[in-house]
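Data first, discussion second: the structure below is written as C-alpha cells.
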Amino acid sequence: MNIDLTDLRLFLHIDEAGSITAGAQRACMTLASASERVRGMEASVGAALLLRGRRGVMPTEAGRALLHHAREVIRQMDLLADDLGEYGEGRKGMVRVLCNTSALSEHLPVMLSRFLATHPGISVDLEERASHEIAAAVRSQACDLGVLSDLVDLSGLSVWPIAPDPLTLVVPAGHDWAARTSVSLHEVMAAEFVGLAGESALQRHIVRQARMLGGALRFRLRVGSLDMVCRMVGQGIGVGIVPKAVAQRCRRTAGIRCVRLVDAWADRSLVLCARDLSILPLYVRQLAEVVAPGSARS
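UniProt numbering puts the first residue of the sequence shown at 1, with every later residue one more than the last.
Pasting the structure below:
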C-alpha cells in the first residue's frame, strides 16, 4: 500500500474541513495536488474513501477506517519525534491547540508567551475554531488540547476551568441602551451591528443564535479584530457583541458601555479540554498546566 504521512495528514485535514478544497488549504497544497493524492490513496486501497456531494465530502466506510488508523499513526509519529528529539538539537516537540475567538484574543497570548519562553525546544500550532468543532477535534485526536466554551457537548473529554468568559452587548456611550442593565438578543436584533470579518468562530456563533430566534443580524461594518469592533461601536456605527473581558479593556479608550446579555448562550466560561492528558507527551501536559493550573496533576 503506497500511502505516506503527507497523504494521511491531508486526509485528516479534508475530513475536519468537510471538503477537499478546504483540506488542501489547511495542508498548504494546491487543489490539484490534493485531489491527485486522494485519487492515489483510493487506487492504493482499491476502494472509494470519500463520498462527494454538493455540500462537500464525507468519508466512506473505508475512509472512516483510514481516518482511525491515520490518527493513531500521526500520534505515534509525533511521540516518536518527541522522544528522539531529546537526542538532537532544534525543535523537540509540537503541540497542536485549537481555541475559540475569545481565547485567541484575550487569554492565550500571555499564557503561550510564558510557556514558550521557558520551553525553547517546543513549538505550538494554534488555530481558531468554533467551540463545537474544537470538542469534536479533541475527541477524534485531531489536536492535543482545546480551549473553548463550556456550553458545548464535552462528553468523553477531560475538562478543566480557565476563567469566566461571558459575552456582552457593547453600545456607544450615548446610546439609549447604555442605561440598561441587561438586554436579550431578541430585543436588539433589529439594530445595526459591527461584527468580525471573515470566518470568525465567534461571529458564526452569534449569527447562529440569531437564526435560531428566527432572525438575521444586519451588519453595517465588519472588521478584523474584537478591539476594532469596540472602537467602531464607540464611533456610533452600530452595536456589537464581544467577550466581556474585551469590552472592559476597551471601555474607556473606545467610549463604549457594556450591557449584560441575559441569553443562556452568552453566560459561558472558558475551559481546557483533552481526550486523555495522561498519555500525551510531558511538554503537552506542561502547557496544559500553564493554561489551566491543576490540570496536569489531576
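Note that the Cβ used here is the ideal one computed from N, Cα and C, for glycine as well. Predicted model only: the values in this text are computed from it and were never measured.
Taking Cβ to Cβ, would you say residue i is nearer than 7 Å to residue j?
{"i": "Cys260", "j": "Ser182", "result": "The sequence given here places Arg at residue 260; Cys does not occur at that position. Going by C-beta atoms, Arg260 is nearer than 7 Å to Ser182."}
{"i": "residue 357", "j": "Ile206", "result": "The first residue shown for the chain is 1 and the last is 298, placing residue 357 beyond what the model contains."}
{"i": "Ala34", "j": "Leu66", "result": "no"}
{"i": "Gly238", "j": "Glu192", "result": "yes"}
{"i": "Glu128", "j": "Ala245", "result": "no"}
{"i": "Leu280", "j": "Phe115", "result": "no"}
{"i": "Val95", "j": "Val138", "result": "no"}
{"i": "Val171", "j": "Ala178", "result": "yes"}
{"i": "Leu154", "j": "Ala135", "result": "yes"}
{"i": "Ser44", "j": "Met77", "result": "no"}
{"i": "Gly234", "j": "Ala247", "result": "no"}
{"i": "Gln203", "j": "Leu213", "result": "no"}
{"i": "Asp263", "j": "Leu185", "result": "yes"}
{"i": "Leu12", "j": "Ala81", "result": "no"}
{"i": "Val97", "j": "Leu157", "result": "no"}
What does DSSP give as the partner residues of residue i in its beta bridges?
{"i": "Cys273", "result": "Gly146 and Val159"}
{"i": "Asp125", "result": "Arg96"}
{"i": "Gly168", "result": "Residue 168 is actually Thr in this sequence, not Gly. Paired residue(s): Val242 and Arg260."}
So, under 8 Å CB-CB, residue i and residue j are touching, yes? Tell me the CB distance rounded to an integer number of Å.
{"i": "Val147", "j": "Leu277", "result": "At roughly 14 Å, the Cβ-Cβ gap does not stay under 8 Å, so Val147 and Leu277 are not in contact."}
{"i": "Met232", "j": "Val194", "result": "5 Å"}
{"i": "Asp165", "j": "Ser102", "result": "5 Å"}
Going by C-alpha distance, which of the options is nearest residue i?
{"i": "Val61", "options": "Ala48, Leu280 and Leu8", "result": "First, the residue type needs correcting, since residue 61 is Glu and not Val in the sequence shown. Checking every option, the nearest Cα to that of Glu61 belongs to Ala48."}
{"i": "residue 299", "options": "Leu154, Ser131 and Ala142", "result": "Only positions 1 to 298 of the chain appear in the structure, and residue 299 is not among them; the question remains open."}
{"i": "Cys273", "options": "Ser140, Gly195 and Gly215", "result": "Ser140"}
{"i": "residue 339", "options": "Pro120, Thr118 and Met111", "result": "Outside the modelled stretch of the chain, which goes from 1 to 298, sits residue 339, for which no answer is possible."}
{"i": "Ser19", "options": "Arg64, Pro59, Ala254 and Leu221", "result": "Pro59"}
{"i": "Ala27", "options": "Gly46, Thr6 and His175", "result": "Thr6"}
{"i": "Gly294", "options": "Leu167, Val223 and Pro161", "result": "Pro161"}
{"i": "residue 304", "options": "Ser102, Ser200 and Val159", "result": "Because residue 304 is not part of the residues shown, which for the chain are 1 to 298, the question remains open."}
{"i": "Val223", "options": "Ser200, Gly236, Thr168 and Gln209", "result": "Ser200"}
Jot down the residue ranges of each uninterrupted beta strand (DSSP E) in the region 51-77, minimum 3 residues, whole runs only, in chain order. Counting whole runs of 3 or more residues, the region 51-77 contains the beta strand (DSSP E) stretches 56-59.
Length-filtered (3 minimum) beta strand (DSSP E) runs lying within the region 166-209: Runs found: 167-172 and 192-196.
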